[in-house]
Structures are given as C-alpha cells and as structure tokens.
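Asks: So in the UniProt record's numbering, the last one in the sequence shown is 499, and the numbering has no gaps at all. Cβ coordinates follow ideal geometry from the N, Cα and C atoms, glycine included. Source: prediction; values computed, not measured. First the structure, which I've put down as structure tokens, then a few questions once you've had a look.
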Amino acid sequence: MTKSQLPHIDKPLAGYPHMPPKSNPKHEIITKAELSKFSIFPNCTIIWCVAGRGGLSLYSPKLCGSFPNNKIHQARPWPGFPTSKGLASFGDANCMEQLLVHCANAIESNDATLAQQILWVLNNIAPPDGDSNQRLTSAFLRALIVRAAKSGSCKMLAAMANAHRNLSVETHTFSVIELANFVDLTPWHRFGFTTANAAILEAVEGYSVIHIVDLSSTYCMQIPTLIDAIANRFEGPPLVKLTVPGVPKDVPPLLDLTYEELGSKLVNFARSRNVMLEFRAVPSTHADGFASLIDQLRLQHLVYAEAGEALVINCHMMLHYIPEETSSPLPNTNSNPYTFQPTSNPSLRTMFLKALRGLNPTIAILVDEDADLTSNNLVCRLRSAFNYLWIPYDTVDTFLPIGSKQRQWYEANIRWKVENVIAHEGLQRVERVESKSRWVQRMRNAEFRGVSFGDEMVSEVKTMLDEHAAGWGLKKEDDDLVLTWKGHNVVFATAWVPG
C-alpha cells in the first residue's frame, strides 16, 4: 500500500487505543503480599493498591519515615528495585494515571510522606527513556516534584528537587532552518498552516493590499508558503503588510533571531518572489492580551489603512497563552503560594476577541490544540493533560529515531508544557489550552460568524496528510476542520468573519 492509498481516519481504529495505550486491559488485584516484596521503604509499611472498576486505590495504613540517605535517584530505577517489568500492572497507562492523581492529591493536601512514597514508585516504573507511556509519566513525575518542592511544605520534597538539579527542562533554541525543518516533521503545525493559507487566499482574492496580523507560536513559519501562493495570483502580487507581536517569547519553540532579523529575512524572501512586503514588529505580550498590539492596529485601521486593503488576523496556537481569567494575587496568608482571587472583570480573552471584532477583519483564522487545560483544580488538569499529551509521545516514533537530536528537542518541548500545566499557577501558568467548542462559543459571543472550509481546501489538507504516517486523519465538524491521531482530536482549524 502506498502513502496515497493510506486511509484518512475520522474515528478511532479497531485495535487503536481510545486513550493512552493500555498494556494491561484486564482488571487485576495487586495484593499487599505481592507488592511488599518490592518494598523500598526500610522498616515501614509499604503502600499497596487495588486496580479495579473504580480505578486504582492506594492505601498507607501507617505513614513511614523518610527516604534512605534523603536522596531520590536522578535517572534510572534504584538498585534492587524492580523495573516496570517487575510491576507489570503498574505499567498500565490507567494505573500510571491513577498513581499520578493520588500523588497530586497527596501534594495538595500536604501529605508529604504519602507523596514521597508514590513519587518513589513512579520513578521506578517510568524511566525517562522508556516506552511512550513511561516517558509521558516521567514528564508528569518531574512536574509534580517541581510543584511539591515549590510548595515549601516539606523539606524532604525540597531535597528531592535539589537531588534532581537537572529537573528544569532545557529547551532548544532553533535557527530559522532548524525550526522550518522541525515544524515540517509532523502535521501538528502543518495542518494549521495549510488550512489557514487556503482560507486566507480565498478571502483576499481581488485585494491590492493585504495586511496580515500573524499571532503565531512558530515565528511566521507559514508566511513564506503564503507569499509563494500570493506571488502567483493571476491579477499580480499585492502589497503585503505583515504585523507581529515583537516581544521575544518565553515559551517553546525558541528562535535564535530577533524579530528585526526575522523581518529582514522575510522581506528578502518576498522580494525574491516579486512581492513587496512591509514588516512591522509591535512590542506586545500575551500577558496583557496583546493590548499594545490592539492599540497599534486600531491606529493603522483608522489612519493608515489603504483603499482596497484586506485585514487578515491569523491566530496559530497563540491565543491560549492569553490568561483566560482576570485574577489578582491574595496576600500570602497561608502556605499555598498559588491562591488567586477571581475578579468581576471580563477575561482578557473576551476583551481581545471583542477588540479584534472592532477592527472588522476580512477574515480571522483560529488554529489551536483541542484540549482543556484550564481547570483551577490540579487533579482535573492533570487528567486532561495526561489524556491529551500521550498523543505527541505516541506519534514521535513514526517520524524521529530514538536518540536523535530532533527527538530530544521535540520531547523537551512536551516536558516543558507538562511542567507549566502541572507545576505552576497564576500568571506563570501560560499553557491554558481550551477546547474547540469553548473557542467557538467565545468567537460567537464576540459577534464573529463561522465560515466553512471548502472541498478544495479539504483536499489540500488530505494531500498534505498523505506525506505523514497513516495514524493521522481529518474530520469535519460543522464548519470546522479537526486533525486527528488514531481517531482522537488533536488540533482544530476555524475561519471567521464579522457577524
């Protein structure tokens, strides 16, 4: 079967998991006697668990003391302790998730002893270089240790973090060529690029001036392809104005160029295609809802807009960094550093979308990940993240070899996301992804109207997917397109016009 013959999947395939792959689908009882032989806590009662229909329950009849030598192993399982092969039932994705949930509950309730026990077990069953389930669990383990150490409620947990001095995720800073190749490896970004560019080209047909506001997490990586397509228009290339928020990002992927240098490269590229490009970077940040960018766009719209100018708002995996609620820190009256007081003000996301609507754009494109990581409850957030972020770990085996530098960069970016979702709160927690249904409601509330992607656009996306593994698929939900992996929603693309 050739790549072009591979099916596009719009529902879970038989034999594919509906959640993280489960190595042990049967419900089993792990007895205290069986688990006790794996005890790593000298002179103390071992925790034990029951895995059944109600999930996995942990019991610690007697709280035990501290870890030997006050240390936690930094990489591999401890000598003499069984690996995940020895604890087969713990290797099940459901059991790993339940252990993480119990650990999170223990940390939140300041049960340091139980948290230490579970963290120790997790470290033994989830090596950072194991299978996709183990690497996923290892990322959550690291994040929970960081969170526990930050709480300051237990010196032992702080010691654990100190032992893991390499816990901070080191993400790679890309060159332009590296980043272009990196985002091309998988449909995760290419899906959004392809759908957005097709919708933009259709919307701006006949305009002599096109003003693109690129709110993208990938540093304008989709713009060269768009310029190529614009250059080949029958009526000749238009003047293209490109505006971006010009404050260096502190979230992956990171680029080794300033926005001025990036703009210069884009202008030169456009010139090579006989397209006149004006590039402008406006100092602005997601933390305040891109307020200064909105002010600048209002000024350009009212004063500098040219006759026959199309305004395109391209939002590619950037809007979820805007805080979804307006909160203010409470005085630190207890040991919880994460307490925030909700205010009655509208959220920055709501204000941003209404401001965009006020600009009366020709078209607005919204592409983002289809998950919900916004809950203020740590356990709810952990479950949602675990049942979404298995996907990038599962897909990586299809396009990057073990040990390659690109794979290390790829998984470091995922670990960064996990740590941000789990270990941080308040304004430090910027990974606040919302589901497609929630974004659709936000756009409608801001008086936008959805427009459908045509058959030609769908065909173009399918052609792109033919270049990747068979697990990737495409489905249409109302007016929207959704990228799937083994039938599970991954990324959505929506197009909007003023209602």
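Taking Cβ positions only, does R233 come closer than 7 Å to chain D?
Replies: Absent from the structure is chain D; it holds one protein chain and no more.
Asks: Using CA coordinates, which residue listed in L293, T113, R135 and D295 is at the minimum distance from D92?
Replies: Counting from one through the sequence shown, the residue named residue 92 turns up at place 92. Here the closest residue by C-alpha is R135.
Asks: Leaving out five residues before and five after I227 in sequence, what residues of the same chain have Cβ atoms less than 6 Å from its Cβ?
Replies: The residue labelled residue 227 in the question sits at position 227 within the sequence shown. Once the five neighbours on either side are set aside, the close Cβ partners of I227 are A270, R273 and V275.
Asks: Alpha carbon to alpha carbon, how far is A198 from F386?
Replies: For the purposes of this step, residue 198 is identified with residue 198 of the sequence shown, where counting begins at 1. For the purposes of this step, residue 386 is identified with residue 386 of the sequence shown, where counting begins at 1. In this structure, the CA atom of A198 is about 33 Å from the CA atom of F386.
Asks: Looking only at its chain, what residues have a beta carbon closer than 6 Å to the beta carbon of H301, apart from the 5 residues adjacent to it on each side?
Replies: As a first step, residue 301 must be located in the sequence shown, where it is residue number 301. Excluding positions up to five away in sequence, the list reads L359.
Asks: Under 7 Å between the Cβ atoms of V421 and L348?
Replies: Within the sequence shown, the letter at position 421 stands for residue 421. Within the sequence shown, the letter at position 348 stands for residue 348. No, Cβ-Cβ distance for V421 and L348 is not below 7 Å.
Asks: Could you tell me the alpha carbon to alpha carbon distance between V312 and C103, rounded to whole angstroms?
Replies: Counting from one through the sequence shown, the residue named residue 312 turns up at place 312. Counting from one through the sequence shown, the residue named residue 103 turns up at place 103. So the alpha carbons of these two residues sit roughly 46 Å apart.
Asks: Leaving out five residues before and five after T333 in sequence, what residues of the same chain have Cβ atoms less than 7 Å from its Cβ?
Replies: As a first step, residue 333 is located in the sequence shown; it is residue number 333 there, counting from the start. Confidence is the limiting factor: at T333 the pLDDT is only 38, short of 50, which leaves the residue's position unreliable, though a coordinate-based value still follows. Excluding positions up to five away in sequence, the list is empty.
Asks: Is the distance from the Cβ of T243 to the Cβ of R280 below 7 Å?
Replies: For the purposes of this step, residue 243 is identified with residue 243 of the sequence shown, where counting begins at 1. For the purposes of this step, residue 280 is identified with residue 280 of the sequence shown, where counting begins at 1. Yes, the Cβ-Cβ distance between T243 and R280 is below 7 Å.
Asks: Among L239, I200, L389 and A423, which residue has its Cα nearest to the Cα of T225?
Replies: Taking the first residue of the sequence shown as position 1, residue 225 is located at position 225. Considering only alpha carbons, the answer is I200.
Asks: If you draw a straight line from the alpha carbon of N124 to that of C315, how long is it in whole angstroms?
Replies: Residue numbering aside, residue 124 sits at position 124 when the sequence shown is read from its first letter. Residue numbering aside, residue 315 sits at position 315 when the sequence shown is read from its first letter. Their Cα atoms are separated by approximately 41 Å.
Asks: Pull up the DSSP beta-bridge partners for A493, would you.
Replies: Here residue 493 is taken as the residue at index 493 of the sequence shown, counted from 1. In the DSSP output, where bridge partners are listed per residue, A493 has V367 and L481.
Asks: With burial defined as no fewer than 16 other Cβ atoms inside 10 Å of the residue's Cβ, what is the status of K417: buried or exposed?
Replies: The count along the sequence shown starts at 1 and reaches residue 417 at position 417. Burial call: buried.
Asks: Going by DSSP, what residue range makes up the alpha helix (DSSP H) through F193?
Replies: Here the question's residue 193 lines up with position 193 in the sequence shown. Segment P187 to A203, the alpha helix (DSSP H) holding F193.
Asks: Would you call the stretch 432-451 in contact with the stretch 253-268, where contact means no fewer than 3 C-beta pairs closer than 8 Å?
Replies: With fewer than three CB-CB distances shorter than 8 Å, the stretch 432-451 does not count as touching the stretch 253-268.
Asks: Going by beta-carbon coordinates alone, are G289 and M351 separated by less than 7 Å?
Replies: In the sequence shown, residue 289 corresponds to position 289, counting from 1. In the sequence shown, residue 351 corresponds to position 351, counting from 1. Yes, the pair counts as a contact, with Cβ atoms nearer than the cut-off.
Asks: Between I210 and N489, what straight-line distance do the alpha-carbon atoms span, to the nearest angstrom?
Replies: Here the question's residue 210 lines up with position 210 in the sequence shown. Here the question's residue 489 lines up with position 489 in the sequence shown. The straight-line gap from Cα to Cα measures roughly 32 Å.
Asks: Alpha helix (DSSP H) containing L311: first to last residue?
Replies: Within the sequence shown, the letter at position 311 stands for residue 311. It is not in any alpha helix (DSSP H) - L311 instead sits in the beta strand (DSSP E) that spans E309 to H316.
Asks: With a cut-off of 8 Å, do at least 3 Cβ pairs link the stretch 212-221 to the stretch 172-184?
Replies: yes
Asks: By the three-class DSSP mapping on this structure, what secondary structure does K249 have?
Replies: For the purposes of this step, residue 249 is taken as the residue at position 249 of the sequence shown. In the structure shown, K249 sits in coil (DSSP, three-state: anything other than H, G, I, E or B).
Asks: Decide if N133 is buried, meaning its Cβ has at least 16 other Cβ atoms within 10 Å, or exposed.
Replies: Indexing the sequence shown from 1 puts residue 133 at position 133. Counting Cβ neighbours within 10 Å, N133 comes out buried, since at least 16 surround it.
Asks: Classify K150 as helix, strand or coil using the three-state DSSP reduction.
Replies: Along the sequence shown, one-based indexing puts residue 150 at 150. The answer is helix: DSSP assigns K150 an H, G or I state.
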